[in-house]
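Undergrad: Have a look at this one.
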Amino acid sequence: MRRVAFVLLFPGSVPLAAAQEQPPPKSERPAAPTDYPFEIVEDVTLGTEPASADLTGQLGVPDEDYVPEVFQYRRRGTQTVQGGLGGEHRSTALTELKVLDLAVDPGDTVRAIVRVEPAFEKGRRFVAEFWSQEFGRAAVVYVNFRPHASRRNLYLGEGSVDPYHPGGRYNIGSTMITDEHGHKKAYSTEFNPVMRAPDGTPAHFVVSPNPEADLTPPTLASVEVLTPGVGPGETIRVEAFAEDNLAGPTQARAVFESPSKSRRVRVDLIGDSRTPGRFLGAFTIPEWYEGGVWSLQKIELYDAARNQALLFAATRPGLGAVSARVEADPAKRDDLPPELLALELPMRTAAADEAIPVAALVTDDLSGVDKVYVSFQSPSGADLIRVELESRNPPLNRASLVPQPNVFRGTLRLEPWRERGRYRVSRVNLSDRAQNYRNLNPVRDEEVRGLFVEFGREASEESGKSR
Amino acid sequence: MNDDGRKSGRGLPGRREFLGATGAAALGAMARGALAAPVQREELVPDRSLKTKHLIVILYGNGCRKKDTVEDPAHTPHMARMMAEGSVFTEDFGETANLHGYMYTEMITGRETVSEHPLYPTWTEMARRELGGSPNDYWMLQGVSYYRSWVYDRKHWSAHPEGGLQFGANSLTMNKLFHQDETRSPAELVRANIEPGLGHTQKTRSELEEWIADIRSRHLHLPASTRTSLVEREVPVGDGQCFEIAKHLLSEFRPRLITIQMLALDDAHADAGFWDYDTDYEQYRRHIAATDELVGNLWDHIRSDPTLASSTSILLRPECGRDDEVNVYGQLHHSQGNYYAHNVWTLGVGPDFRSGAVFPELVMRRDLCPTVVYLLTGRDTARHATGSIRTQMFREEYRLPPYVRRDRFGNPISI
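Going down the list, the protein sequences come from chains A and B. Residue 1 is where the first sequence starts when you use the working numbering, and the numbers rise one by one after that. Residue 468 is where the second sequence starts when you use the working numbering, and the numbers rise one by one after that.
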């Protein structure tokens, strides 16, 4: 059994193993507001088999044993390893994290620096949330990291402590990194020791006491549709008034829902600087949507302290009555998604650095095709490339060249770090201008099944060895 | 004792200690009510003897909409018939809708957290501390140990002084214990999966090993076939196994508490950043249909046993819901601000609940923990929770006091 160690910070807390045998000692000093009041368990597995993932980032693990993040959900023994894959699929692992500004005042910037291994090929930002020890996610400081200009292993993070953030300790919480493949990795203090301060507690900073602290969300004083009846395509105007105790209301958003509740329209309400607390919205219901009474589904308010009030009509009496009657032409109503008539992959084999043309023929009954995406999944599933196809005419000056709104073209390319081998079509996604979506998947839909491009391999023919 | 007369030492620091004098003064300047709640809730609901002796809590997945379940009875006919027999809350709110590791911890501890691993006692710890019993009376089941960046098999205990591993559960992970390639002996599996310090005796450990051997030898971990089949992937199959295992645990151990955490409902957007797991909204809907039948099977199993029928309850609630809309890529995320992501349902069936009752009033995710503890112990002892016991769902003749809705800091909100 592995040794279980505890960092004792809260006065009177005792090692777990000893808790059953002896009463806790009495406090000898009052707890400081910066103390971390919980025990840190160095190893929550307590000697049992860890989760199927290696949560430390698997630094130093050879390719033959390294399991990329995308395969870590599988049980041990069936996980694909890096050594059997083409391309590079090591997650970028945090190896060091240090908060540079340990004590800050409200309104200050807090900085942190991290080291990652391996360096990113293409820098992607990542974010760490620091949660108030006392108020949890009601008071969060987001620290956004950006890559160093030349030292690609280093990232500098900056976060703003609002003038209204409460004082006290802020501990690092959810930290999410996305790499160049689009893979995600989350870090947390219990499973990733790199997230801890030198004293073993979660990495943190302390905000000085703040008499101006504001954790109270704004309240809605009123909301009204100023144009209760509109014709097709006419603008609907909304006016809302919000109140706030300290920081002052800054933003408002609303969602209106169609009579059948199958459609929603988001409305950004813009603050009227001349009249603090007043928000105005102006929007139209798309001509392809149903007519009738469109009702307020929710209104969302923020204050300058980033406190949020979420007010849903379902639980807030009266809100649902805020509505507009919209006239619409039933003949224009479009509830059907586009249809895929053909998908063309003229080249089934290609060199690794070759660009592969992809074409699709898509039709729509009323509003017209808007977006076409074709996704390709790599042999092991470690990579996915989503190609957006566009409807454009080639640059030829001919009288016969009229627009072809049903022909969509794009190009599939592999970046150097991606796996080689057979990329199969894993998804085709279509939308029209009425926001009707069709999602085709080869597991269910025959028309996109069995389509692939074979890219020249540079390594193994195998899609992946298992361990 | 401290100067305010409270005992310091084992418990968490009081508000004044925690903030220091300056901090407390600063709080005094804030709007009254927002932050004035005590850290530890006073007892509110009187003790009473309840009929529930066995409880199954189903954390219904990594996000599921009521729109795809209780608002769509044709898609979930088993849940629909259970609703008719039990109590349902239709506006069950959670402030956070986007972080699984945060949300499940909030659910099982009944309060906000700053950590994935519980910092406050879980419902398992509170119940076991109150009721006693062996580890074989308390179970936590999940299909896999790690999925989409979150760890799921380490949540049954905290290091809190009022909890601890000695009040934890046997945490069983399906793909670590029950699969055809597993060659280790039951004793080795127990050693690899069950934490030392849970309080097993030689006898209870032997019983556990014998049970695992029996399950494996008779392949009892295989999910029952359903009209809509489970998707043949590790995570959904693991969910299905949990329901099967729960039936056998009930029959064999008559445990006090089984917590099942479903995970595969996150298949609604499982391909987002995890390309190997290429699933979508339609597979999520399929998993709902398949597991609805498994939930129904479990309820039927309970009702077919005369002893269990009169003494067993089920509570079911998702961690969060999912977005109002499927996106253009066929994914259904769970994002802050979406009505269906924040507002879900809770279903309760069993001998202590009202029958055919629907409660449309707003209730909170943090309520589930004190409700679980009360249902099992008959005492309002989840003092760390900032939620309240959902008294309205209990039988009328119990004459429990009205439900008290609380904000995230535990302050009562006038309804």
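Cβ atoms here follow ideal geometry from the backbone N, Cα and C, with glycine treated the same way. Quantities reported herein were computed from a predicted structural model and do not represent experimental measurements.
Can the beta-carbon of Glu454(A) be found less than 7 Å from the beta-carbon of Arg422(A)?
TA: Against a cut-off of 7 Å, the Cβ pair of Arg422(A) and Glu454(A) comes out as a contact.
Undergrad: Please confirm whether Trp812(B) and Thr557(B) have their CB atoms less than 7 Å apart.
TA: Yes, the pair counts as a contact, with Cβ atoms nearer than the cut-off.
Undergrad: What first and last residue would you give for the beta strand (DSSP E) that runs through Arg325(A)?
TA: Segment Ser323 to Val326, the beta strand (DSSP E) holding Arg325(A).
Undergrad: Could I get the ranges of all uninterrupted alpha helix (DSSP H) runs contained in the segment 560-630 of chain B, with 4 residues as the minimum, in chain order?
TA: Fully enclosed alpha helix (DSSP H) runs of 4 or longer: 567-576 and 590-598.
Undergrad: For Thr175(A), name the three-state secondary structure that DSSP assigns.
TA: Thr175(A): strand per DSSP, three-state reduction.
Undergrad: Find out if the Cβ-Cβ distance for the pair Gly136(A), Glu579(B) is shorter than 7 Å.
TA: The answer is yes: Cβ separation under 7 Å.
Undergrad: Looking at Leu761(B) and His804(B), is the spacing between their C-beta atoms short of 7 Å?
TA: Note on identity: in this sequence residue 804(B) is Gly, with His being the wrong assignment. No.
Undergrad: What are the residues of the segment 310-336 of chain A that lie near chain B, defined by any Cβ-Cβ distance shorter than 7 Å?
TA: Listed by position along the chain: Leu310, Phe312, Ala314 and Thr315.
Undergrad: For the alpha helix (DSSP H) containing Ile769(B), list its first residue and its last residue.
TA: Segment Tyr748 to Arg770, the alpha helix (DSSP H) holding Ile769(B).
Undergrad: For chain A, is any of its Cβ atoms less than 7 Å away from the one on Asp745(B)?
TA: By this cut-off, Asp745(B) is an interface position.
Undergrad: Work out the CA separation of Arg832(B) and Arg266(A) for me, nearest whole Å.
TA: The straight-line gap from Cα to Cα measures roughly 26 Å.
Undergrad: Excluding the 5 residues flanking Tyr865(B) on each side, which residues of the same chain have their C-beta closer than 7 Å to its C-beta?
TA: Taken in chain order, the residues that qualify are Arg515.
Undergrad: Using the three-state DSSP reduction, which class does Lys184(A) fall into: helix, strand or coil?
TA: Lys184(A) falls in the strand class under three-state DSSP.
Undergrad: Go to His715(B), then tell me how far its alpha helix (DSSP H) extends in each direction, as first and last residue.
TA: Glu701 to Phe720 is the extent of the alpha helix (DSSP H) around His715(B).
Undergrad: Give me, in chain order, the residues of the same chain whose beta-carbon lies closer than 7 Å to that of Leu100(A); leave out the 5 immediate sequence neighbours on both sides.
TA: Cβ neighbours of Leu100(A) beyond the five flanking positions: Arg111, Ala112 and Ile113.
Undergrad: When burial is assigned at 16 or more other CB atoms within 10 Å of the CB, is Ser692(B) buried or exposed?
TA: Ser692(B) is exposed by the Cβ-count criterion.
Undergrad: Write down the C-beta distance between Gly788(B) and Gly530(B) rounded to the nearest angstrom, noting that I regard them as a contact closer than 8 Å.
TA: Indeed they touch by this definition, with Cβ atoms about 6 Å apart.
Undergrad: Would you mind telling me which residues of chain B sit closer than 9 Å to Glu447(A), beta carbon to beta carbon, in chain order?
TA: Result: empty, since nearest Cβ-Cβ is about 15 Å, beyond 9 Å.
Undergrad: Which of helix, strand or coil does DSSP assign to Gly490(B)?
TA: Reliability fails at Gly490(B), whose pLDDT of 32 lies under 50, so the model's placement of it is uncertain and the value that follows must be treated cautiously. In the structure shown, Gly490(B) sits in a helix (DSSP, three-state: H, G or I).
Undergrad: Our contact map puts Pro588(B) next to Gly630(B) with C-beta atoms below 8 Å; I'd like the distance itself, whole angstroms only.
TA: Correct: roughly 3 Å between the Cβ atoms.
Undergrad: Would Arg274(A) be called buried (16 or more neighbouring beta carbons within 10 Å of its own) or exposed?
TA: That one is exposed.
Undergrad: Among Ala313(A), Thr92(A), Phe283(A) and Glu243(A), which residue has its Cα nearest to the Cα of Asp827(B)?
TA: The sequence given here places Pro at residue 827(B); Asp does not occur at that position. Comparing Cα-Cα distances from Pro827(B) to each of Ala313(A), Thr92(A), Phe283(A) and Glu243(A), the minimum goes to Ala313(A).
Undergrad: In angstroms, rounded to a whole number, what distance separates the CA positions of Gln58(A) and Val67(A)?
TA: Their Cα atoms are separated by approximately 8 Å.
Undergrad: To the nearest angstrom, how far is the alpha carbon of Glu117(A) from that of Leu154(A)?
TA: Rounded to whole angstroms, Glu117(A) to Leu154(A) spans 9 Å at the Cα level.
Undergrad: DSSP puts Asn810(B) in a beta bridge; with which residues?
TA: In DSSP, Asn810(B) forms a bridge with Phe560(B).
Undergrad: Output needed in chain order: residues of the segment 619-631 of chain B with a Cβ under 7 Å from some Cβ in chain A.
TA: So the list reads Asp620, Arg621, Ala626, Pro628 and Gly631, given in the order they occur along the chain.
Undergrad: Verify whether the separation of the beta carbon atoms of Leu799(B) and Tyr841(B) is less than 7 Å.
TA: Their beta carbons are not under 7 Å apart, which means Leu799(B) does not touch Tyr841(B) by this criterion.
Undergrad: Taking buried to mean at least 16 other C-beta atoms within 10 Å of its own C-beta, is Asn810(B) buried or exposed?
TA: So Asn810(B) ends up on the buried side.
Undergrad: Let me check understanding here. Comparing Cα to Cα, which of Ala197(A), Ala149(A) and Phe205(A) lies closest to Gly159(A)?
TA: Comparing Cα-Cα distances from Gly159(A) to each of Ala197(A), Ala149(A) and Phe205(A), the minimum goes to Phe205(A).
Undergrad: Do the segment 605-624 of chain B and the segment 679-693 of chain B touch if we need at least three Cβ pairs shorter than 8 Å?
TA: Result no; under three Cβ-Cβ pairs closer than 8 Å.
Undergrad: I need the DSSP call for Ser673(B), collapsed to helix, strand or coil.
TA: Three-state DSSP puts Ser673(B) in a helix.
Undergrad: If you measure from the beta carbon of Glu701(B) to each beta carbon in chain A, is any gap under 7 Å?
TA: So, interface residue.
Undergrad: Give me whichever residues DSSP pairs with Asn439(A) in a beta bridge.
TA: Bridge partners of Asn439(A): Asn429(A).
Undergrad: Starting from Ala382(A), follow the beta strand (DSSP E) in both directions and report where the run begins and ends.
TA: Unbroken run through Ala382(A): none, as it is neither H nor E.
Undergrad: Who are the Cβ neighbours of Ser431(A) in its own chain at under 6 Å, not counting the five residues just before and after it?
TA: So the list reads Asp370, Lys371 and Tyr437, once near-sequence residues are dropped.
Undergrad: How would you call Glu677(B), buried or exposed, if buried means at least 16 neighbouring beta carbons within 10 angstroms?
TA: Label assigned to Glu677(B): exposed.
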